[in-house]
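*Asks:*
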Amino acid sequence: MFYTVSGEGCSLILKPSRVVLGFGESVTVSCEATRPVRVLGWESAISAVHTQEDRSVQWKVDSLIDWIEEPICYGVFFTAPRQCEEKLNLVLYKSPDSISIRQTNHTGPMVEGKEYQLLCEVQNIAPVQYLTLRWYRGQTEVYQHSFADLTSSSPVQVSSTLVITPTKAENDAEYKCVAELELGPEGPQPPPTLASEPLTVSIYFPPTFLSPETEVFDFTAGAEITFNCTASGNPEPVYSWQSSHPTEERMKAEAVITSSSLLPGTYTCTASNMLEKKSKQFIIKEKIKANKYMESLCEEVIRDMRRCCKANAGNSICCSGFKDSNPSENKSDT
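The number in this note's numbering is simply the position in the sequence shown, starting from 1, with 1057 added.
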């Protein structure tokens, strides 16, 4: 009885011992015997061949398109071990036909802080166990998915899912996935890759003021005051204003308002979009109140009130509280 030996102890050498080639490419592999041999040949569905007593035989295919091809070199020797065989490590690969990325179970803009899934699909790639899918946000790799546990040698369709919880900083970020066949040192260098078209994600988030704190201004008649209520948000915020003065003329629905006719009081700006409303206050204080009614700190205001009273011939609210309803400038100075 003859036993077939393979691996260590076999007197056959394959050159090269591992072959990586693209679908439809040509291949030539030599099988050599290290001792006298009676019969030496290749067992294969394509291009089977054998010789008698020659120590070398070639397996040659002009265009390999058989996904399950497993060529084996065998030898029948004069001395023990009488039979020996070596299987060629053959990797036939094919780059994917296409790769694409999309959202799953959702369309349109995303909302900050919620969880979403992106799906990457790869069509007709082989062998899948050598595939690595790399996910990118911009130029940064955020996840990779390998398929080493799969064993199909023929082309298959595979997919990968990326779970994200976006922030407003990621608004208009571009996601893509890249399929890479890492076929080892015998394969093409650099490894074959194919990237999806980028997917741009729009992130909705509520208004956020650039400066959310309440702002306080001192009132000076005729002086120009600027209220800056600018807020970032997506969709772009719209603005509305409210005043503690019912007679105050309607303020423009703008983020920044500059005026020299604003009266002392409280002004509230509201920035809103479809997600939320946020408010910010601006306060204009009279100098008398701001100075806590200390007469020594209010002389300038008192002089202005007297001038106002005089300019209106004593018929003005500016005259309230003065003993003389038509005071002179000298008195005011005194």
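Heads up, the beta-carbon is just placed ideally off N, CA and C, and yes, glycines get one too.
What you are looking at is a predicted structure, and each value in this text was computed from that prediction instead of being measured.
1. Give every residue of the same chain whose Cβ lies closer than 7 angstroms to the Cβ of HIS1163, excluding the five residues on either side of it in the sequence, and list them in chain order.
2. Measure from the alpha carbon of GLN1214 to the alpha carbon of each residue in ARG1095, LEU1190, PHE1134, then state which is nearest.
3. Got a sec? Which residues, its chain only, sit under 8 angstroms from LYS1342 by beta carbon, not counting five neighbours each side?
4. Within 8 angstroms, do at least three Cβ pairs link the segment 1196 to 1214 to the segment 1253 to 1262?
5. How would you label PHE1339, buried or exposed, when you count the other beta carbons within 10 angstroms and need 16 or more for buried?
6. Per the contact definition of three or more C-beta pairs closer than 8 angstroms, is the segment 1305 to 1318 in contact with the segment 1235 to 1242?
7. State the Cα-Cα distance for the pair MET1058 and VAL1084, rounded to the nearest angstrom.
8. Quick one, are the C-beta atoms of SER1211 and ALA1183 less than 8 angstroms apart?
9. Identify, in the order they occur along the chain, each residue of the same chain with its Cβ nearer than 6 angstroms to the Cβ of ALA1328, setting aside the five sequence neighbours on each side.
10. Leaving out five residues before and five after LEU1256 in sequence, what residues of the same chain have Cβ atoms less than 6 angstroms from its Cβ?
11. What's the gap between the Cα of GLY1244 and the Cα of GLY1290?
12. Three or more beta-carbon pairs under 8 angstroms between the segment 1166 to 1181 and the segment 1126 to 1133, yes or no?
13. For the segment 1071 to 1080 and the segment 1092 to 1105, state whether three or more C-beta atom pairs, one from each stretch, are separated by less than 8 angstroms.
14. Please state whether the Cβ-Cβ distance between LEU1069 and ALA1102 is less than 8 angstroms.
15. GLU1110: which of ASN1146, ASP1123, VAL1133 sits nearest, CA to CA?
16. Tell me whether CYS1366 sits in a helix, a strand or coil according to DSSP, three-state version.
17. Would you give the residue range spanned by the beta strand (DSSP E) that ALA1105 belongs to?
18. Within its chain, find whatever has a CB closer than 6 angstroms to the CB of LYS1072; leave out the 5 residues flanking it on each side and keep chain order.
19. Can you give me the Cβ contacts of VAL1118 inside the same chain, cut-off strictly under 6 angstroms, excluding the 5 residues immediately before and after it?
20. Quick one: give me the first and last residue of the beta strand (DSSP E) that VAL1213 is part of.
21. Select from LYS1171, GLN1140, SER1113, CYS1326 the residue whose C-alpha is nearest the C-alpha of THR1283.
22. Rounded to whole angstroms, what is the Cα-Cα separation between VAL1313 and TRP1298?
23. Rounded to the nearest angstrom, what separates CYS1366 and SER1317 at their Cα positions?
24. Is the beta carbon of ASN1330 closer than 8 angstroms to that of GLN1292?
25. Is SER1385 helix, strand or coil when you go by DSSP?
26. Report yes if the CB atom of ALA1125 is closer than 8 angstroms to the CB atom of LEU1175, and no otherwise.
27. Nearest CA to the CA of GLU1281: which residue from THR1271, THR1315, PHE1266, SER1253?
*Replies:* For this structure:
1. Here the question's residue 1163 lines up with position 106 in the sequence shown. Here the set comprises TYR1173.
2. In the sequence shown, the residue the question calls residue 1214 occupies position 157. Among ARG1095, LEU1190, PHE1134, the Cα nearest to that of GLN1214 belongs to LEU1190.
3. Mapped onto the sequence shown, residue 1342 falls at position 285. VAL1273, PHE1274, ASP1275, PHE1276, PRO1321, listed in sequence order.
4. no
5. On the sequence shown, residue 1339 is found 282 positions in, with the first residue counted as 1. Per the 10 Å Cβ criterion, buried.
6. no
7. Along the sequence shown, read from residue 1 onward, the residue named residue 1058 stands at position 1. Along the sequence shown, read from residue 1 onward, the residue named residue 1084 stands at position 27. Note that MET1058 scores a pLDDT of 36, beneath 50, so its modelled location is shaky; the value from the coordinates is reported in the next line. Rounded to whole angstroms, MET1058 to VAL1084 spans 35 angstroms at the Cα level.
8. Taking the sequence shown and counting its residues from 1, the one referred to as residue 1211 is at position 154. Taking the sequence shown and counting its residues from 1, the one referred to as residue 1183 is at position 126. In contact: SER1211 and ALA1183 (Cβ atoms closer than 8 angstroms).
9. Residue numbering aside, residue 1328 sits at position 271 when the sequence shown is read from its first letter. Hits under 6 angstroms: PRO1264, ALA1288, PRO1294, TYR1296, LYS1335.
10. Here residue 1256 refers to the residue found at position 199 of the sequence shown. Here the set comprises ILE1158, TYR1232.
11. Along the sequence shown, read from residue 1 onward, the residue named residue 1244 stands at position 187. Along the sequence shown, read from residue 1 onward, the residue named residue 1290 stands at position 233. Answer to the nearest angstrom: the Cα atoms are 50 angstroms apart.
12. no
13. no
14. Locating residue 1069 in the sequence shown gives position 12, counting from the first residue. Locating residue 1102 in the sequence shown gives position 45, counting from the first residue. Contact: no.
15. The residue labelled residue 1110 in the question sits at position 53 within the sequence shown. Selected option, being the one with the closest Cα: VAL1133.
16. What you label residue 1366 is simply residue 309 of the sequence shown in a count that begins at 1. Helix.
17. Against the sequence shown, residue 1105 aligns to sequence position 48. Looking at the DSSP string, ALA1105 is not in any beta strand (DSSP E), and its letter there is neither H nor E.
18. The residue given as residue 1072 occupies position 15 in the sequence shown. Same-chain partners within the cutoff: SER1087.
19. As a first step, residue 1118 is located in the sequence shown; it is residue number 61 there, counting from the start. Cβ within range, chain order: VAL1084, ILE1103, SER1104.
20. Against the sequence shown, residue 1213 aligns to sequence position 156. Here the beta strand (DSSP E) through VAL1213 covers 1213 to 1221.
21. Stepping through the sequence shown from its first residue, residue 1283 is reached at position 226. Nearest of LYS1171, GLN1140, SER1113, CYS1326 to THR1283, Cα basis: CYS1326.
22. For the purposes of this step, residue 1313 is taken as the residue at position 256 of the sequence shown. For the purposes of this step, residue 1298 is taken as the residue at position 241 of the sequence shown. The alpha-carbon atoms of VAL1313 and TRP1298 are separated by roughly 11 angstroms.
23. Counting from one through the sequence shown, the residue named residue 1366 turns up at place 309. Counting from one through the sequence shown, the residue named residue 1317 turns up at place 260. If I take the Cα positions, the gap works out to 21 angstroms.
24. Within the sequence shown, the letter at position 235 stands for residue 1292. Within the sequence shown, the letter at position 273 stands for residue 1330. Sequence inspection shows Pro at residue 1292; the Gln mentioned does not correspond to that position. Cβ distance < 8 angstroms, so PRO1292 and ASN1330 count as in contact.
25. For the purposes of this step, residue 1385 is taken as the residue at position 328 of the sequence shown. Confidence in SER1385 is poor, its pLDDT being 46 and thus under 50, which makes the residue's placement unreliable; the coordinate value appears in the next sentence. Coil at SER1385, not helix or strand.
26. Here residue 1125 refers to the residue found at position 68 when the sequence shown is read from its first residue. Here residue 1175 refers to the residue found at position 118 when the sequence shown is read from its first residue. Residue identity differs from the one stated: residue 1125 is Ile in this sequence, not Ala. No.
27. Looking up residue 1281 in the sequence shown gives position 224. Among THR1271, THR1315, PHE1266, SER1253, the Cα nearest to that of GLU1281 is on THR1315.
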